[in-house]
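Q: Please find one structure pasted underneath; my questions will follow.
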Amino acid sequence: SGYLPKLRNALEKFGVPELLLNFVSTKGKGGETLKIIPQARGALSALRGQPFFIPLYNLFLTYGGIFRLNFGPKSFLIVSDPAIAKHILKDNSKAYSKGILAEILEFVMGTGLIPADGEVWRVRRRAVVPALHQKYVAAMIGLFVSATDRLCKKLDAAASDGEDVEMESLFSRLTLDVIGKAVFNYDFDSLENDTGIVDAVYTVLREAEDRSVSPIPVWNIPVWKDISPRQRKVSEALNLINNILDDLIAICKRMVEEEELQFHEEYMNEQDPSILHFLLASGDDVSSKQLRDDLMTMLIAGHETSAAVLTWTFFLLSKEPGVMAKLQSEVDSVLGDRFPTIEDMKKLKYTTRVINESLRLYPQPPVLIRRSLQDDMLGEYPITRGEDIFISVWNLHHCPNHWIDAEKFNPERWPLDGPNPNESNQNFSYLPFGGGPRKCLGDMFATFETVVAVAMLVQRFDFQMAIGAPPVEMTTGATIHTTEGLLMTVTRRTKPPIIPTLETKLATSVKVEADDSLK
Ligand code: HEM
Numbered sequence: 019s020g021y022l023p024k025l026r027n028a029l030e031k032f033g034v035p036e037l038l039l040n041f042v043s044t045k046g047k048g049g050e051t052l053k054i055i056p057q058a059r060g061a062l063s064a065l066r067g068q069p070f071f072i073p074l075y076n077l078f079l080t081y082g083g084i085f086r087l088n089f090g091p092k093s094f095l096i097v098s099d100p101a102i103a104k105h106i107l108k109d110n111s112k113a114y115s116k117g118i119l120a121e122i123l124e125f126v127m128g129t130g131l132i133p134a135d136g137e138v139w140r141v142r143r144r145a146v147v148p149a150l151h152q153k154y155v156a157a158m159i160g161l162f163v164s165a166t167d168r169l170c171k172k173l174d175a176a177a178s179d180g181e182d183v184e185m186e187s188l189f190s191r192l193t194l195d196v197i198g199k200a201v202f203n204y205d206f207d208s209l210e211n212d213t214g215i216v217d218a219v220y221t222v223l224r225e226a227e228d229r230s231v232s233p234i235p236v237w238n239i240p241v242w243k244d245i246s247p248r249q250r251k252v253s254e255a256l257n258l259i260n261n262i263l264d265d266l267i268a269i270c271k272r273m274v275e276e277e278e279l280q281f282h283e284e285y286m287n288e289q290d291p292s293i294l295h296f297l298l299a300s301g302d303d304v305s306s307k308q309l310r311d312d313l314m315t316m317l318i319a320g321h322e323t324s325a326a327v328l329t330w331t332f333f334l335l336s337k338e339p340g341v342m343a344k345l346q347s348e349v350d351s352v353l354g355d356r357f358p359t360i361e362d363m364k365k366l367k368y369t370t371r372v373i374n375e376s377l378r379l380y381p382q383p384p385v386l387i388r389r390s391l392q393d394d395m396l397g398e399y400p401i402t403r404g405e406d407i408f409i410s411v412w413n414l415h416h417c418p419n420h421w422i423d424a425e426k427f428n429p430e431r432w433p434l435d436g437p438n439p440n441e442s443n444q445n446f447s448y449l450p451f452g453g454g455p456r457k458c459l460g461d462m463f464a465t466f467e468t469v470v471a472v473a474m475l476v477q478r479f480d481f482q483m484a485i486g487a488p489p490v491e492m493t494t495g496a497t498i499h500t501t502e503g504l505l506m507t508v509t510r511r512t513k514p515p516i517i518p519t520l521e522t523k524l525a526t527s528v529k530v531e532a533d534d535s536l537k
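In my numbering, the protein residues as written are 19 to 537.
This is the structure in structure tokens:
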């Protein structure tokens, strides 16, 4: 049955009109009628000049939850249907690989956890997941707090000087500082310093992002690799980072050897709670190349994603003062003037909804990439082995039929006393961290990291778009960036004096204890 869609596709490329194509036999082996995936046409020129997921959204409205898109000789399936997404990511996940993604990221992540497939992935996932146990995540709260506190000091200085701040780059530095410590106990200290290594990380990241949106793989052309100044800069940056990672692995190995080690499920070294330390202590028997690939993968996976979430959250908050007021009131009543702790994570419910909703409107990354390893059925459509598939999380999260007021930033859409929304309880209409066996392993880490950062920032400051700030528009690499930054005016909060209203006067006359909500 698999040749039919291919045949139809080939005929279509030769310009056979649609009407005739429908006469190409579409009978399956049992004589049943097989459906052919709708083919999107036109609109391809629209792909240029705007982030690619926007025209894909418009095509989704026209062609529905699955359609085919041709790019010269290449063809892609675009999936925006929750049931099909669930089938690919979860129910039949074994039949799909990372495809193009693995090819693009190979130069930086090698066979790290994100691009890896098959046996390499299975073994490494099993080794790495236990490192992010509860005690580790709890220990990370202190790290989130101290890094965010350093950011607050910077903002405090800017507020004093009356200087506007570009928040996107500060968030990027905040999350780089966090992930370096969390994964391999390295202090980038990028909020304070502009060292070569920070620059190298950005060079490599930009390259990975550019490669993921570039139609022609110029970096593969042998001569180009050697003479292009840009490619030379990329390989120098990679060398620098790899050398540092090798040193960190060696240092950590020595620490582990000197330790009186008793390895158990929730093992953690208090001085160095990093994932690297856990892996080496667990006796992780990997060539340092595989270990390095995994460290590099987590560095990248956990850096720009969290930074993008913070950037878009503050942008959204600046447009919805009502949400900001509610957020600040929750933070004031839960935290008062103190730092957040692990116990606060379940109390900061509205703060969590703000992050959930920000991730709905700005999913990071906006599409998931897969390739079919065998023939399969997607809904009622047969597909063949070797199809490149984009699951548009953007479309799932913006679908006007599924969400009430889909474009509105409305954290209230999920009740505070209900469960935190995730792909399971939202039936794959909402998948901020993917789903199935390849789901993000840093989901809890990232949620707590962004909740802590948002809570601490709005606890101390008010944020407004700066007067004369450039318009906030989207551009993509792996995550959604702004085109020209997020320029904000940051002011220290002056908490209003509490003037009791009639209601509270009545209440206090009956009940004299301090009321949390009045703090
Ligand atoms: C995978 C999102 C933070 C490590 C994924 C996937 C998504 C995602 C959607 C699935 C990709 C796919 O199916 O193709 C996010 C978001 C984050 C975040 C939105 C921040 C808000 C982190 C952090 C870490 C991390 C902090 C590391 C500590 C990983 C790894 C994978 C992954 C290793 C690959 C898992 C596998 O294939 O087995 N992430 N992530 N992520 N993420 Fe995250």
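Where is the CB? At the ideal position from N, CA and C, for every residue including glycine.
Fair warning: this is a prediction, and the values are worked out from it, not measured in the lab.
(1) Tell me whether V410 is buried or exposed, calling it buried when 16 or more other Cβ atoms sit within 10 Å of its Cβ.
(2) Name, in chain order, the residues that DSSP records as bridge partners for K92.
(3) In the structure shown, what three-state DSSP assignment does H321 receive?
(4) Please state whether DSSP places E184 in a helix, a strand or coil.
(5) Measuring from the CB of Q444, is there a heavy atom of ligand 1 at a distance below 7 Å?
(6) What whole-angstrom Cβ distance do L131 and R144 have, given they're in contact under 8 Å?
(7) Who are V385's beta bridge partners in DSSP?
(8) Given a cut-off of 8 Å, decide if V470 and V163 are closer than it, judged by their beta-carbon atoms.
(9) Closest to F71 by CA distance: which of I498, N445, M158 and Y368 is it?
(10) My output table needs one value for I84: the three-state DSSP class, helix, strand or coil.
(11) Which residues in the same chain as I360 place their Cβ atom closer than 6 Å to its Cβ, once the five residues preceding and following it in sequence are excluded?
(12) Straight-line CA distance for A532 to L194?
(13) Under the assumption that E283 contacts H151 (Cβ atoms under 8 Å), give the Cβ distance between them as a whole number of angstroms.
(14) How is M506 classed by DSSP in three states: helix, strand or coil?
(15) For K251 versus T221, is the C-beta distance shorter than 8 Å?
(16) Where L258 and T213 are concerned, what is the direct C-alpha to C-alpha distance, given to the nearest angstrom?
(17) Kindly list the residues whose CB is nearer than 8 Å to the CB of I262, restricted to its own chain and excluding five residues on each side of it in sequence; keep chain order.
(18) Can you tell me where the alpha helix (DSSP H) holding F463 begins and where it ends?
(19) Please state the DSSP three-state secondary structure of Y399.
(20) Per DSSP, which one or two residues make a beta bridge with P450?
(21) Cβ-heavy atom distance between K199 and ligand 1 below 7 Å?
(22) Contact between the segment 169-181 and the segment 365-383 is defined here as three or more beta-carbon pairs at a separation below 8 Å; is this criterion met?
(23) Whole angstroms is fine: what's the gap from I318's alpha carbon to D312's?
(24) Output the distance between the C-alpha atoms of T331 and E275, rounded to the nearest integer angstrom.
(25) Report back the beta-carbon spacing between P450 and V341 to the nearest angstrom; my notes put them in contact at under 8 Å.
(26) Can we count I102 as close to ligand 1, meaning its CB is less than 7 Å from some heavy atom?
(27) Quick one: what's got a C-beta closer than 8 Å to D228's C-beta in the same chain, skipping five residues either side?
(28) Given a threshold of 16 other Cβ atoms within 10 Å of its Cβ, counted over all protein chains shown, does A103 qualify as buried or as exposed?
(29) I'd like the list of long-range same chain contacts for A424, defined as Cβ closer than 6 Å, with 5 residues on each side in sequence excluded.
(30) Assign F89 to buried or exposed, taking buried as 16 or more other Cβ atoms, counted over all protein chains shown, within 10 Å of its Cβ.
(31) Does the beta-carbon distance from T507 to A484 come in below 8 Å?
(32) Where G117 and R510 are concerned, what is the direct C-alpha to C-alpha distance, given to the nearest angstrom?
(33) Counting pairs of beta carbons, one from the segment 457-466 and one from the segment 338-354, are three or more of them closer than 8 Å?
(34) For T166, which of helix, strand or coil comes out of DSSP?
(35) Evaluate E278 with the Cβ neighbour count: other Cβ atoms within 10 Å of its Cβ, from every protein chain shown; 16 or more gives buried, anything less gives exposed.
(36) Flag Q382 as yes when its Cβ comes closer than 7 Å to any non-hydrogen atom of ligand 1, and as no otherwise.
A: Quick answer:
(1) A small fix is needed here, since residue 410 is Ser in this sequence, not Val. Buried, by the Cβ-count rule.
(2) Within the DSSP secondary-structure output, K92 pairs in a beta bridge with F89.
(3) helix
(4) strand
(5) no
(6) With a Cβ gap of about 11 Å, L131 and R144 do not count as contacting.
(7) S410
(8) yes
(9) I498
(10) strand
(11) A156 and I159
(12) Caution applies to A532, whose pLDDT of 42 falls short of 50 and renders its modelled position unreliable; the model cannot decide the point.
(13) 7 Å
(14) Look at M506 here: in three-state DSSP terms it is strand.
(15) yes
(16) C-alpha of L258 to C-alpha of T213: approximately 12 Å in a straight line.
(17) For I262, where only same-chain residues beyond five positions count, the Cβ hits under 8 Å are Y204 and I215.
(18) D461 to R478
(19) Looking at Y399 - three-state DSSP - the assignment turns out to be strand.
(20) G452
(21) no
(22) no
(23) 10 Å
(24) 43 Å
(25) In fact, because the Cβ distance is near 18 Å, the residues do not count as touching under 8 Å.
(26) No, Cβ of I102 sits at least 7 Å from all heavy atoms of ligand 1.
(27) G495
(28) buried
(29) Excluding sequence positions up to five before and after A424, its CB lies within less than 6 Å of the CB of H416 and P418, all in the same chain and listed in chain order.
(30) exposed
(31) yes
(32) 48 Å
(33) no
(34) helix
(35) exposed
(36) Yes, the beta carbon of Q382 sits closer than 7 Å to at least one heavy atom of ligand 1.
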